[in-house]
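Residue numbers (UniProt numbering), protein chains in the order written: chain A, 1 to 277; chain B, 1 to 266.
Here it is, written out as structure tokens:
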């Protein structure tokens with residue numbers, strides 16, 4: 001009979017944490033901020049079809065970094081749970097806190113029971129009536145939950161990004177100010193020799209939970225509306241508030257991007273561009 | 001159970017984790033149950049230039065009694081489609097809520113809306129699931145209409161689908177009505193409908209048709225001027241679904257009633 005090597009529980013947990021942390025740090029980052037008109041999500045994402053930011057329920061959004069297949073699995077679970085609770089009780093009874101707890105339970109169980117933890121970090125955000133009532137929850141690979149104060153960054157070099165947010169972010173910002181702060185924070189890391197870099201509009205995934213809207217508040221900001229916000233055009237602030245919800249439509253042409261890889265590389269593009277975290 | 005790769009369909013998910021929440025999955029004791037629950041009555045839908053109009057009266061009946069005077073039977077199914085229900089009110093409302101969640105769920109999971117035909121097929125399979133209850137008198141028949149975002153010709157983008165207890169869907173040309181007063185509403189529409197009506201004309205026509213249904217069918221309620229209860233009228237166009245305000249439907253209903261004072265036959 002083969003001898004089993006002894007590994008202490010502490011060692012096993014440390015190894016798993018390290019694996020998960022490295023996996024999360026390899027990915028491009030995401031930022032979640034509360035601003036005067038709602039909650040803003042900005043993620044660096046080369047794919048326009050595979051989302052890092054998405055809608056869970058009326059006033060609840062989801063953002064994640066790490067391995068796409070793993071957080072997509074969690075996102076679907078969140079949508080199912082929210083829709084099931086909303087149907088059996090009422091739409092108002094679906095809360096971000098309950099979802100954050102469910103995600104934490106799931107991630108905690110996976111971390112302790114399975115041989116490989118999920119290499120993800122996720123944010124559940126709920127927009128309130130005022131920016132003080134916004135709720136941002138950070139859930140990490142081991143199932144720990146943190147209630148964040150109106151802003152958070154996830155992914156590679158999150159600390160450096162958080163520092164920029166801490167100094168520049170105010171909860172009473174307009175949408176275009178908030179987008180520019182988020183993009184500035186994201187671009188402070190990953191440049192040549194630690195310098196800032198520029199991130200093009202087509203590499204950003206931007207969405208908001210619009211405080212003023214009733215019903216489903218989640219909207220993606222793409223194309224011309226996004227460029228206007230990045231250019232600091234104040235008119236961009238007003239644009240998303242008017243009109244009806246921009247709901248996704250049936251794609252008119254086939255997607256050209258291959259979606260074969262189940263790993264995170266499909267979202268991260270050429271890994272050679274990435275500095276070591 | 002939530003994290004299985006599974007399906008994008010909410011009802012398929014429910015059938016696995018909470019089958020008791022699907023109306024068709026509940027065991028029913030034998031016997032007829034038709035007189036036990038309130039029934040919802042007449043819904044009309046009219047396709048117009050650039051969209052579709054759906055309107056429903058506000059009455060629910062139980063045998064010879066009026067169970068409710070202000071029930072709402074026309075609802076948005078999602079951002080571009082409308083659903084109206086006739087038949088057993090309780091099951092109808094449950095099915096309609098389930099259908100709304102089904103469409104929203106698919107949209108959130110897949111990041112894209114179902115096609116209009118896909119939505120109609122989904123509704124058909126949900127109605128089919130209720131066949132057992134329908135055979136015992138608890139039938140629900142919906143009317144489904146929407147703006148087809150994939151339509152080549154914007155004039156034909158407003159489409160209407162009808163169903164029967166065994167499912168469907170059957171696409172209707174121009175207009176359709178369901179419920180106990182549908183015979184009279186359809187007769188009225190047959191004489192007055194013209195292709196390419198404007199949304200405003202179609203709205204007025206829908207209220208006229210409901211008036212005709214209420215005129216000859218006791219289970220359909222006409223505009224209730226004393227209590228200020230008017231039909232629910234909704235439209236689905238390229239801008240999405242829209243419910244006419246109470247003031248708007250009041251003014252249409254009042255002008256219809258005023259015209260009928262002159263000529264009761266319309």
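Just so you know, even glycine gets a beta-carbon here, dropped at the ideal spot from N, CA and C.
For the beta strand (DSSP E) holding residue i, just list the boundary residues, first then last.
{"i": "residue 81 of chain B", "result": "81-88"}
{"i": "residue 196 of chain A", "result": "That residue, residue 196 of chain A, is in no beta strand (DSSP E); it is neither H nor E in DSSP."}
{"i": "residue 175 of chain B", "result": "175-178"}
{"i": "residue 65 of chain B", "result": "65-68"}
{"i": "residue 57 of chain A", "result": "53-57"}
{"i": "residue 234 of chain B", "result": "232-237"}
{"i": "residue 41 of chain A", "result": "38-44"}
Which chain B residues are close to residue i, counting only those with a beta carbon under 8 Å from its beta carbon?
{"i": "residue 280 of chain A", "result": "Nothing in the structure corresponds to residue 280 of chain A, since chain A is present only between 1 and 277."}
{"i": "residue 55 of chain A", "result": "108"}
Determine the contact status of residue i and residue j, defining contact as a CB-CB distance below 8 Å.
{"i": "residue 187 of chain A", "j": "residue 35 of chain A", "result": "no"}
{"i": "residue 46 of chain B", "j": "residue 175 of chain B", "result": "yes"}
{"i": "residue 119 of chain A", "j": "residue 70 of chain A", "result": "yes"}
{"i": "residue 88 of chain B", "j": "residue 138 of chain B", "result": "yes"}
{"i": "residue 210 of chain B", "j": "residue 140 of chain B", "result": "no"}
{"i": "residue 153 of chain A", "j": "residue 39 of chain A", "result": "no"}
{"i": "residue 202 of chain B", "j": "residue 53 of chain B", "result": "yes"}
{"i": "residue 44 of chain A", "j": "residue 28 of chain A", "result": "yes"}
{"i": "residue 130 of chain B", "j": "residue 169 of chain B", "result": "no"}
{"i": "residue 195 of chain A", "j": "residue 164 of chain A", "result": "no"}
{"i": "residue 133 of chain B", "j": "residue 28 of chain B", "result": "yes"}
{"i": "residue 215 of chain B", "j": "residue 184 of chain B", "result": "yes"}
{"i": "residue 46 of chain A", "j": "residue 203 of chain A", "result": "yes"}
{"i": "residue 84 of chain A", "j": "residue 18 of chain B", "result": "yes"}
{"i": "residue 105 of chain A", "j": "residue 143 of chain A", "result": "yes"}
{"i": "residue 118 of chain B", "j": "residue 37 of chain B", "result": "no"}
{"i": "residue 155 of chain B", "j": "residue 92 of chain B", "result": "no"}
{"i": "residue 141 of chain A", "j": "residue 123 of chain A", "result": "no"}
{"i": "residue 146 of chain B", "j": "residue 159 of chain B", "result": "yes"}
{"i": "residue 74 of chain A", "j": "residue 41 of chain A", "result": "no"}
{"i": "residue 234 of chain B", "j": "residue 243 of chain B", "result": "yes"}
{"i": "residue 181 of chain A", "j": "residue 168 of chain A", "result": "yes"}
{"i": "residue 79 of chain B", "j": "residue 240 of chain B", "result": "yes"}
{"i": "residue 34 of chain B", "j": "residue 71 of chain B", "result": "no"}
Residue i touches chain A at which residues, Cβ-Cβ below 8 Å?
{"i": "residue 101 of chain B", "result": "83, 86, 87"}
{"i": "residue 220 of chain B", "result": "Here the premise fails: no neighbours, minimum Cβ distance about 30 Å."}
{"i": "residue 163 of chain B", "result": "Those within 8 Å of residue 163 of chain B in chain A number zero; the least Cβ separation is about 22 Å."}
In chain B, what lies closer than 7 Å to residue i by C-beta?
{"i": "residue 51 of chain A", "result": "111"}
{"i": "residue 16 of chain A", "result": "The premise fails here: residue 16 of chain A is roughly 19 Å from chain B at the closest Cβ pair, so nothing lies under 7 Å."}
{"i": "residue 76 of chain A", "result": "109"}
Going by other Cβ atoms of all chains shown within 10 Å of its Cβ, with 16 needed for buried, is residue i buried or exposed?
{"i": "residue 248 of chain B", "result": "exposed"}
{"i": "residue 100 of chain A", "result": "buried"}
{"i": "residue 20 of chain B", "result": "exposed"}
{"i": "residue 325 of chain B", "result": "Past the boundaries of the shown model lies residue 325 of chain B; chain B is included only from 1 to 266, so the question cannot be answered."}
{"i": "residue 11 of chain A", "result": "exposed"}
{"i": "residue 230 of chain B", "result": "buried"}
{"i": "residue 142 of chain B", "result": "buried"}
{"i": "residue 73 of chain B", "result": "buried"}
{"i": "residue 6 of chain A", "result": "exposed"}
{"i": "residue 245 of chain A", "result": "The pLDDT assigned to residue 245 of chain A is 42, lower than 50, so where the model puts this residue is not dependable, and the model offers no usable value."}
{"i": "residue 206 of chain A", "result": "buried"}
{"i": "residue 261 of chain A", "result": "Residue confidence for residue 261 of chain A is low, a pLDDT of 34 falling below 50, so the modelled location carries little weight and cannot support an answer."}
{"i": "residue 198 of chain A", "result": "exposed"}
{"i": "residue 147 of chain A", "result": "exposed"}
{"i": "residue 245 of chain B", "result": "exposed"}
{"i": "residue 76 of chain A", "result": "buried"}
{"i": "residue 208 of chain B", "result": "buried"}
Tell me which residue opens and which closes the alpha helix (DSSP H) that residue i is part of.
{"i": "residue 160 of chain B", "result": "Run containing residue 160 of chain B: none in the alpha helix (DSSP H); it sits in the beta strand (DSSP E), 158-164."}
{"i": "residue 11 of chain A", "result": "9-26"}
{"i": "residue 90 of chain A", "result": "Counting along the chain, residue 90 of chain A falls outside any alpha helix (DSSP H), and DSSP gives it neither H nor E."}
{"i": "residue 155 of chain A", "result": "Here residue 155 of chain A belongs to no alpha helix (DSSP H), and DSSP marks it neither H nor E."}
{"i": "residue 261 of chain B", "result": "246-262"}
{"i": "residue 174 of chain A", "result": "Per DSSP, residue 174 of chain A belongs to no alpha helix (DSSP H) and is neither H nor E."}
{"i": "residue 204 of chain A", "result": "Per DSSP, residue 204 of chain A belongs to no alpha helix (DSSP H); it is in the beta strand (DSSP E), 204-210."}
State yes or no: is the C-beta of residue i nearer than 7 Å to some heavy atom of the ligand COA?
{"i": "residue 199 of chain A", "result": "The ligand COA is not part of the structure shown, which contains no ligands of any sort."}
Going along chain A, which residues have a C-beta under 7 Å from residue i?
{"i": "residue 10 of chain B", "result": "83"}
{"i": "residue 13 of chain B", "result": "80"}
{"i": "residue 2 of chain B", "result": "77, 80, 81"}
Counting only Cβ-Cβ distances shorter than 9 Å, please list the residues of the region 16-49 of chain B near chain A, keeping chain order.
17, 18, 21
Using Cβ-Cβ distances below 8 Å, what residues of the region 61-73 of chain A are close to chain B?
73
Could you list the residues in the region 124-144 of chain A with a C-beta less than 9 Å from some C-beta on chain B, going in chain order?
none
Tell me which residues of the region 82-98 of chain B have at least one Cβ-Cβ distance to chain A shorter than 8 Å, keeping chain order.
97, 98
What are the residues in the region 93-108 of chain A lying within 9 Å of chain B by C-beta distance?
102, 106
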